[in-house]
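Beneath this line is the structure, given in structure tokens, with notes to follow.
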Amino acid sequence: MSDNQQQAPATPAPNNGKRRRMMLTLTAVIAIAAIGYGAYYALYARYYEDTDDAYVAGNVVQITPQVSGTVTGVKVDDTQMVKAGQPLVTLDQTDARVALLKSEANLAQTVRQVRTYFVNNDAYAATVSMRESDLAKAQADVKRREMAIASGAVSREELAHAQDAVKSAQAALEQARAQLVSNKALTDKTSVTTHPNVQQAAAQVRAAYLDYARTTIPAPVDGYVAKRSVQVGQRVATGAPLMALVPLNEVWVDANFKEVQIAHMRVGQPVTLTADVYGSAVEYKGTVAGFSAGTGSAFSLLPAQNATGNWIKVVQRLPVRIALDPKQLQQHPLRVGLSMQVKVNVRNTDGKELGEAPTLPVYSTDVYDKVGHDADDIVAKIITENAGAAAGSGASGAANDTRNQPARARPL
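As numbered in the UniProt record's numbering, residues 1 to 412 make up the sequence shown, in order.
Right, here's the structure in full:
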């Protein structure tokens, strides 16, 4: 080939302009996304903290007997709704009924015995008056004989007999006064109702009535029955768990937030929640009710031992209690243990970081108050029947006697 032969044309260079435009477009998209996320975070996201480590919690009221006995009836079963005061379990009442009737009879006998103390006060006082009259009469007789002895109308022997009569009357008076003082010591500053013996017997009636009434175990609160384990014929001991009641209108959510999420959380901040059981179609409204006093690991059965050479830092989680709207719970009830999605609005930080002590009891029941009132009514009736005039006699009194009827002791 000759030197002046024309060379072949070179391969065209790649189109760098198209690549450059793609890179610029990608960079612009990333920049716009970063700016958008920054704006989203600055205007919205930084004011919210969320977690899916949250579960429904509630009061699980354990039903336990206050007296031991044999189960004769189970009135409810799992999943059933019960009202406060409704009987749940009954125990055999035979022994408790006998003990109650015995204590009632003892109270009646004690009241009648104490009545005699007050009656004896009047009797001993009358005896003292009579002995004082006898002494005055004997002393007057001695004076007459002393005046007549000078004239010889009365012998010295008769005078001596009269003086002996004075001594006897004086001794009888002192004995009567001692009996009156001794009997008054049993009744001073008291009455039949307030006498210590009556009060002691009344306390025995109250205790026996409580044992009798407690053979019927009531529901302390409204709720749903769960974990029933008691069976008819079972011998149960005091404090043994029989079943549980769960008031589903008093549930809350325990949300476990990371420690880096709670810096701006305050009591009273609004919360939105969704439950896995209902999905996003149902949104609950709640408020931050308080913060746990420690993390979950601090209260675990085996707390972490961090004072070792192989320590690894683990982000801790703090349980935060979320109060729910009762009206929403009525429309869409939640069960204890269900999973929740929680989002807290932390924009307003004016609230308190720790909850305050409640001014009223958080939970209470008056179901057991009736038992004490019924016992007081029984005691008052027995005292009234035996402290006044003698009870009616004959068939009429027997017909009206309900002492041996179990209905007198009214269980719940």
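Think of the CB as a built atom: it goes at the ideal place given N, C-alpha and C, for glycine as much as any other residue. This one's a predicted model, so the numbers in the text were calculated from it and none came from an experiment.
### Task
Spatial neighbours of lysine 343 within its chain, please: CB distance less than 6 Å, with the 5 preceding and 5 following residues excluded, ordered by chain position.
Taking the sequence shown and counting its residues from 1, one reaches residue 343 at position 343. Result list for lysine 343: Tyr48, Asp50 and Thr272, in chain order.
### Query
Which of the three DSSP states, helix, strand or coil, is assigned to leucine 338?
Locating residue 338 in the sequence shown gives position 338, where the first residue counts as 1. Coil, per DSSP.
### Task
With a 10 Å radius around its C-beta and 16 neighbouring C-beta atoms as the bar for buried, classify glycine 286 as buried or exposed.
If you number the sequence shown from 1, residue 286 lands on position 286. Glycine 286 sits buried, since 16 or more C-beta atoms from the chains shown fall within 10 Å of its C-beta.
### Message
As a quick exercise: from Gly17, Arg235, Gly58 and Ala31, pick the residue whose alpha carbon is nearest that of proline 333.
### Response
Your numbering for residue 333 matches position 333 in the sequence shown. Cα-wise, what sits closest to proline 333 is Gly58.
### Task
Take every Cβ of the stretch 81-90, pair it with every Cβ of the stretch 214-229, and state whether three or more of those distances are shorter than 8 Å.
At 8 Å Cβ cutoff, the stretches touch.
### Task
Counting only the same chain and skipping the five closest in sequence on each side, list residues whose C-beta sits under 6 Å from that of alanine 201.
Sequence index remark: in the sequence shown, residue 201 carries index 201 (1-based). Closer than 6 Å at the Cβ level, and outside the excluded window around alanine 201, lie Asn106, Leu107 and Thr110.
#### Entry: Alpha-carbon spacing of methionine 340 relative to alanine 323, whole angstroms
As a first step, residue 340 is located in the sequence shown; it is residue number 340 there, counting from the start. As a first step, residue 323 is located in the sequence shown; it is residue number 323 there, counting from the start. Rounded to whole angstroms, the gap between the alpha carbons of methionine 340 and alanine 323 is 13 Å.
### Task
Measure the alpha-carbon distance for glycine 73 versus valine 320 and round it to whole angstroms.
As a first step, residue 73 must be located in the sequence shown, where it is residue number 73. As a first step, residue 320 must be located in the sequence shown, where it is residue number 320. Counting only the Cα atoms, valine 320 lies some 42 Å from glycine 73.
### Query
Is the Cβ-Cβ distance between leucine 318 and serine 292 less than 8 Å?
Position 318 of the sequence shown holds residue 318. Position 292 of the sequence shown holds residue 292. Contact flag set, yes.
### Query
For the 8 Å Cβ check, are there 3 or more pairs between the stretch 292-311 and the stretch 362-375?
Fewer than three Cβ pairs drawn from the stretch 292-311 and the stretch 362-375 lie within less than 8 Å of each other, which leaves the two stretches out of contact.
### Task
Counting only the same chain and skipping the five closest in sequence on each side, list residues whose C-beta sits under 8 Å from that of threonine 238.
Here residue 238 refers to the residue found at position 238 when the sequence shown is read from its first residue. Correct list, in chain order: Thr64, Pro65, Gln66, Val67 and Ser68.
### Message
Taking its Cβ as the centre, do 16 or more other Cβ atoms sit within 10 Å of aspartate 325, making it buried, or is it exposed?
### Response
The sequence position of residue 325 within the sequence shown is 325, counting from 1. By the 10 Å Cβ count, aspartate 325 comes out exposed.
### Query
Contact between the stretch 274-283 and the stretch 306-316: three or more CB pairs below 8 Å?
Counting Cβ pairs under 8 Å, fewer than three are found: no touch.
### Query
For tyrosine 224, which of helix, strand or coil comes out of DSSP?
On the sequence shown, residue 224 is found 224 positions in, with the first residue counted as 1. Three-state result, tyrosine 224: strand.
### Message
I need the boundaries of the alpha helix (DSSP H) containing valine 205, first residue and last residue.
### Response
Looking up residue 205 in the sequence shown gives position 205. 196-213 is the extent of the alpha helix (DSSP H) around valine 205.
### Query
Any idea if aspartate 211 is buried or exposed, counting beta-carbon neighbours within 10 angstroms, 16 or more meaning buried?
Within the sequence shown, the letter at position 211 stands for residue 211. That one is buried.
### Task
For glutamate 259, count neighbouring Cβ atoms within 10 angstroms of its own Cβ and tell me buried if that reaches 16, exposed if not.
Working through the sequence shown from its first residue, we reach residue 259 at position 259. With fewer than 16 other Cβ atoms inside 10 Å of its own Cβ, glutamate 259 counts as exposed.
### Task
Please classify proline 333: does DSSP put it in a helix, a strand, or coil?
Locating residue 333 in the sequence shown gives position 333, counting from the first residue. Correct three-state label for proline 333: coil.
### Task
Identify whether lysine 384 lies in helix, strand or coil by the three-state DSSP scheme.
To locate residue 384, count along the sequence shown from 1; it is residue 384. With the sequence shown as reference, residue 384 is identified as threonine, and lysine is not the correct amino acid for it. If DSSP states are grouped into helix, strand and coil, threonine 384 belongs with the helices.
### Query
If we count the other Cβ atoms within 10 Å of its Cβ and call it buried at 16 or more, is histidine 195 buried or exposed?
Position 195 of the sequence shown, counted from the first residue, corresponds to residue 195. Counting other Cβ atoms within 10 Å of its Cβ, histidine 195 reaches 16 or more and is therefore classed as buried.
#### Entry: Rounded separation between alanine 255 and asparagine 306 - CA only
For the purposes of this step, residue 255 is identified with residue 255 of the sequence shown, where counting begins at 1. For the purposes of this step, residue 306 is identified with residue 306 of the sequence shown, where counting begins at 1. Between the alpha carbons of alanine 255 and asparagine 306 lies a distance of about 25 Å.
### Task
Could you tell me which uninterrupted beta strand (DSSP E) segments, each at least 3 residues in length, are contained entirely in the stretch 88-118, listed from first to last along the chain?
DSSP runs (the beta strand (DSSP E)) wholly in the stretch 88-118: none.
### Query
CB valine 114 to CB valine 336, shorter than 8 Å?
Here residue 114 corresponds to residue number 114 of the sequence shown, with the count starting at 1. Here residue 336 corresponds to residue number 336 of the sequence shown, with the count starting at 1. No, Cβ-Cβ distance for valine 114 and valine 336 is not below 8 Å.
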